[in-house]
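Undergrad: Structure incoming, see below.
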Amino acid sequence: MTTTTAAAPPIVTAHPDPAPPRRLPEPLLLAALLIGTAVAYLWGLGASGWANSFYSAAVQAGSVSWKAFFFGSSDAANSITVDKPPASLWVMALSVRVFGLSSWSILVPQALMGVATVALLWATVRRYFGAAAGLLAGLVLALTPVAVLMFRFNNPDALLVLLMVASAWALLRGVSDGRTRWLVLAGAFVGLGFLTKQLQVMLVVPPLALTYLLFGPPKLGRRVLQLFAALAAMVVAAGWWLLTVELWPADSRPWIGGSQDNSILELTLGYNGLGRLSGNERGSVTPGQGQGPGPGTEAAGMPPFVDLPGGGPGGMWGSTGITRMFDLEQGGQIAWLIPAAVILGVLGIVLCGRSARVDPRRAAFVLFGSWLVVTGLVFSFMAGIFHSYYTVAMAPQVGALVGAGAVLAWRRRADWWVRVVLAGTLAASAAWAWELLGRSSSFLPWLRWTVLVVGALAAVALLWPRLSGRVAAAVAVAGMLTGLAGPAAYAADTIGTPHGGALPTAGPSARGLPFDLGEYAGAGWMIVQDGKVMVGPPQTGAAPGTPGTGPAPGGPAGNRPGGPVGNHPNGPEQMSGGGPGGGLLNGSEPSADMTELLEQDADRYTWVAATVGSNNASGYQLATGDPVMPIGGFNGSDPSPSLAQFQQYVAHGRIHYFIGDGMEMGGMGPGQVGTGAQIAEWVKQNFPSTTVDGMLMYDLTMPRVQAGP
608 MTTTTAAAPP
618 IVTAHPDPAP
628 PRRLPEPLLL
638 AALLIGTAVA
648 YLWGLGASGW
658 ANSFYSAAVQ
668 AGSVSWKAFF
678 FGSSDAANSI
688 TVDKPPASLW
698 VMALSVRVFG
708 LSSWSILVPQ
718 ALMGVATVAL
728 LWATVRRYFG
738 AAAGLLAGLV
748 LALTPVAVLM
758 FRFNNPDALL
768 VLLMVASAWA
778 LLRGVSDGRT
788 RWLVLAGAFV
798 GLGFLTKQLQ
808 VMLVVPPLAL
818 TYLLFGPPKL
828 GRRVLQLFAA
838 LAAMVVAAGW
848 WLLTVELWPA
858 DSRPWIGGSQ
868 DNSILELTLG
878 YNGLGRLSGN
888 ERGSVTPGQG
898 QGPGPGTEAA
908 GMPPFVDLPG
918 GGPGGMWGST
928 GITRMFDLEQ
938 GGQIAWLIPA
948 AVILGVLGIV
958 LCGRSARVDP
968 RRAAFVLFGS
978 WLVVTGLVFS
988 FMAGIFHSYY
998 TVAMAPQVGA
1008 LVGAGAVLAW
1018 RRRADWWVRV
1028 VLAGTLAASA
1038 AWAWELLGRS
1048 SSFLPWLRWT
1058 VLVVGALAAV
1068 ALLWPRLSGR
1078 VAAAVAVAGM
1088 LTGLAGPAAY
1098 AADTIGTPHG
1108 GALPTAGPSA
1118 RGLPFDLGEY
1128 AGAGWMIVQD
1138 GKVMVGPPQT
1148 GAAPGTPGTG
1158 PAPGGPAGNR
1168 PGGPVGNHPN
1178 GPEQMSGGGP
1188 GGGLLNGSEP
1198 SADMTELLEQ
1208 DADRYTWVAA
1218 TVGSNNASGY
1228 QLATGDPVMP
1238 IGGFNGSDPS
1248 PSLAQFQQYV
1258 AHGRIHYFIG
1268 DGMEMGGMGP
1278 GQVGTGAQIA
1288 EWVKQNFPST
1298 TVDGMLMYDL
1308 TMPRVQAGP
């Protein structure tokens, strides 16, 4: 007889083991991040019109002429190029060829580059630190005000940042498996970055090389050889275009804009290279560092900088020094989370402890940290041309360090010293946000105090040793709000504000000047920076050296459409010209009458018009779709064309009109002592003029009848 034993019932405990934490719904959060970034970067994009019309005109030229496309010419007749290599123009020009010329076809590629950059940074950080770190890194980058600005604008910086992040992504893949192909790919990305903005891309090269030398898996000798392979890839990716331009006969290609000797190598090493560091930039708008008149400027009627109340040390491009990234000009653009990024980056390296030499987490901290330090120091101490939007090149590093460092530290918060560092970082971020928001006191004044209070409470809560569950989640959310509320508010303001001209800035104005510019109301142009103002004569056709002789067309400086100088919501982008004739920093805005005049018999001429300065020419070209010769390039100071060349063009009937009252006659810059002034004077003496839109128009097909004896 067989007996069976019943199975014992399961034991039920009064306190069951806690369920494992729910996994982060990463696909949904990633979709929200990327879709939200795309919406933010595309929202109301057309309101900015041509944005930087200097580049938009070159895009238009490249969309109708493959030669202009290849060289990056300002006009389809290929008189002169822009003062940068053409890689970023290629992307926009291809878009225009497909979708037609419009603000959207120019700017949408830039916005999509922004989404791609956020996605690539997410992928890079996530690979080594997990989903939460990748999402936080991407979010920090997406909300950085200067990133929002530049991914909605048509300057080369959007493509530059994407390529620099791509090089970091490829290098870290090489650290992971030691394969040479990743080093070669990183070098190729850097080379393409060189074709975007020349030597600025080199800021990422020392961090890349240092990181692989320290953490690459192969033996040291092989690591060195792999870096040489990366160098070769960089040279090939950039060198093919540079070599082609250098070998191309100079008389059958456009003048290299920004150079004084028609050389791409001079442009690379001078105006766009070492000159940016030393301040010795041939052809720049102001000789030297802007501390006073340089050689020849007194004869040209260019006054020195005027020291005004509240002014600080420094030249035309602001004060240099270790605090430059935190000052009035740059602080609200990029500096919100720089202190947190530095602290968390160092903390992350410490938390990696005694891990293996090839630990990719430590390599990532070293790469992004050294990249941030190198870029920040170069920007802080460069004495040449510097604009606040350059700081977009620091946004990926800040995002990566904050995302990776914060998440890694959060996971180790059981250690008391880690909690202390986290709490201190959060408190410092809250205090710094309070300071930055106070610089725009009329902008959401309640937000300043909210961030400070929430940040202080969250910092205190972080010190509690047993944070868990919903309380821990609440503290984490409060910490994120503390760090991101200010940048998000500035980002929203940037999205809602149209931007144009050569010097866009993100967020509300933090540039309220502590002095009255009324005494300069007769000036035709101004550049205000760092408590100093540089003024020039009005655009009335007055002879050089006669500042303050009357208001310029469209109203006196400081009262042009768009708001007073120094108080425009977008800062200095409205300075130096504007209105129908444009100026140094803004494109011309021709009326229907001017456009109709230029379009008459346009197919009979190589250039429907010529004028001094690329921005002056850009608006006319974009309005008509026909080439307009920008004499002297961006600053009006390039020796292109010479007076003899211009006279030959006129003799052959290749130019219809010369548009005066521009930089050559209003004392805008060094161009007035070069060929621009010579050409303007020759035109004035030999051709009749009429006035359209307040601008003097000279018909170059109708020589003036000489008076008899």
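Residue numbers (my numbering): 608 to 1316.
Note that CB positions come from ideal geometry on N, CA and C, so glycine has one too.
As the structure is a computational prediction, the values presented were derived from the model and not from experiment.
1. For a test of the three-state rule: what should DSSP assign to Ala675, helix, strand or coil?
2. So who's on the other strand from Tyr735, going by DSSP bridges?
3. How many whole angstroms separate the CB atoms of Val705 and Ala1098, which I take to be in contact at a CB cut-off of 8 Å?
4. May I ask you to report which of helix, strand or coil DSSP gives Thr1104?
5. Given this structure, state the Cα-to-Cα distance separating Trp862 from Asn887, to the nearest angstrom.
6. Here's a check: name, in chain order, each residue in its chain whose Cβ is nearer than 8 Å to the Cβ of Pro1187, leaving out the five neighbours to either side.
7. Could you spell out the range, first to last residue, of the alpha helix (DSSP H) harbouring Trp855?
8. Count the other CB atoms within 10 Å of the CB of Gln1255; is the residue buried (16 or more) or exposed (fewer)?
9. Determine, for Ala730, whether the minimum Cβ-Cβ distance to residues of chain C falls below 9 Å.
10. DSSP has Val1299 in a bridge; who is on the other side?
11. Suppose you measure from the CA of Val778 to the CA of Ile992; what does that come to, to the nearest Å?
12. Taking the Cβ atom as the reference point for each residue, do Ala1251 and Met1236 lie within a distance shorter than 9 Å?
13. Counting Cβ pairs closer than 8 Å, one from the region 861 to 880 and one from the region 819 to 833, do we hit at least three?
14. Can you tell me which of the three DSSP states Leu1120 falls into?
15. Among the residues of its own chain, which have a CB less than 7 Å from the CB of Val812, if the five just before and after it don't count?
16. Starting from Ala1217 and walking both ways along the alpha helix (DSSP H), at which residues does that stretch end?
17. Where does Ala1066 land, buried or exposed, given buried means 16+ other C-beta within 10 angstroms?
18. In terms of DSSP beta bridges, what is Thr982 paired with?
19. How long is the line joining the alpha carbons of Ala1011 and Gln937, rounded to whole angstroms?
20. With distances taken from CA atoms, which of Gln1285, Ala1284, Met1304, Pro1310 is nearest Phe1294?
21. By Cβ distance, which residues of its chain are closer than 7 Å to Trp1041, with the 5 residues on each side in sequence left out?
22. Measure the CB-CB distance between Ala683 and Val671 and report whether it falls below 9 Å.
23. When DSSP labels each residue in this structure, what does Ser1198 get in the three-state scheme?
24. Here's the rule: buried if 16 or more other CB atoms are within 10 angstroms of the residue's CB, otherwise exposed. What is Ala749?
25. Are the CB atoms of Gly865 and Asp1022 nearer to each other than 9 Å?
26. Cα separation between Gly1076 and Leu743?
27. For Gly707, does the three-state DSSP call read helix, strand or coil?
28. So the beta strand (DSSP E) Met1236 belongs to, where does it begin and stop?
29. Using 10 angstroms around the beta-carbon of Pro1248, count the other beta-carbons present and answer buried if the total reaches 16, otherwise exposed.
30. Per DSSP, which one or two residues make a beta bridge with Trp862?
31. For the pair the region 752 to 771 and the region 649 to 666, tell me if three or more CB-CB distances fall below 8 Å.
32. Of all the beta strand (DSSP E) runs that stay within the bounds of the region 1067 to 1092, which reach a length of 3 or more residues?
33. Measuring CB atoms only, is the region 1001 to 1021 touching the region 723 to 731, in the sense that at least three cross pairs come out at less than 8 Å?
34. Roughly how many whole angstroms lie between the Cα atoms of Leu652 and Val965?
35. Per DSSP, Phe1294 forms a beta bridge with which residues?
TA: Answer, in terms of the structure:
1. DSSP places Ala675 in helix when its eight states are reduced to three.
2. Per DSSP, none; premise fails for Tyr735.
3. Contact doesn't hold; Cβ gap of about 29 Å is too wide.
4. DSSP places Thr1104 in coil when its eight states are reduced to three.
5. So the two alpha carbons sit approximately 21 Å from each other.
6. Around Pro1187: Pro1160, Gly1161, Ser1195, Glu1196, Pro1197, Ser1198, Met1201, Asp1300, Gly1301, Met1302.
7. That residue, Trp855, is in no alpha helix (DSSP H); it is neither H nor E in DSSP.
8. With fewer than 16 Cβ atoms within 10 Å of its Cβ, Gln1255 is classed as exposed.
9. As a matter of chain content, chain C is missing from the structure shown, which is built from one protein chain.
10. Assignment of beta-bridge partners to Val1299 by DSSP yields Met1302.
11. Reading the sequence as shown, one finds Leu at residue 778 and not Val. So the alpha carbons of these two residues sit roughly 30 Å apart.
12. Annotated as distal: Ala1251 and Met1236, with beta-carbon spacing of 9 Å or more.
13. Contact fails: fewer than three Cβ-Cβ distances are below 8 Å.
14. Low local confidence applies: a pLDDT of 41 at Leu1120 is under 50, so the model's placement there is unreliable, with the coordinate-based value given in what follows. Three-state result, Leu1120: coil.
15. Counting only Cβ-Cβ distances below 7 Å, and skipping sequence neighbours, we find Val797.
16. Where Ala1217 is concerned, there is no enclosing alpha helix (DSSP H), although the beta strand (DSSP E) it sits in stretches over 1214 to 1219.
17. Ala1066 comes out buried.
18. Looking at the DSSP assignment, Thr982 forms no beta bridge with any residue, so it has no partner.
19. So the alpha carbons of these two residues sit roughly 24 Å apart.
20. Ranking the options by Cα distance to Phe1294, first place goes to Pro1310.
21. Excluding positions up to five away in sequence, the list reads Arg1055, Val1058, Leu1059.
22. Taking 9 Å as the cut-off, the Cβ atoms of Ala683 and Val671 count as close.
23. It is coil, neither helix nor strand.
24. Result: buried.
25. Cβ distance not < 9 Å, so Gly865 and Asp1022 don't count as in contact.
26. If I take the Cα positions, the gap works out to 20 Å.
27. Judged by DSSP in its simplified three-state form, Gly707 adopts coil rather than helix or strand.
28. Where Met1236 is concerned, the enclosing beta strand (DSSP E) stretches over 1235 to 1238.
29. Buried is the call here.
30. Looking at the DSSP output, Trp862 bridges to Ile687.
31. Contact holds: three or more Cβ-Cβ distances are below 8 Å.
32. Scanning the region 1067 to 1092 from its first residue to its last, no whole beta strand (DSSP E) run of 3-plus residues comes out.
33. A contact exists between the region 1001 to 1021 and the region 723 to 731.
34. Approximately 44 Å between the Cα atoms of the pair.
35. Beta-bridge pairing links Phe1294 to no other residue.
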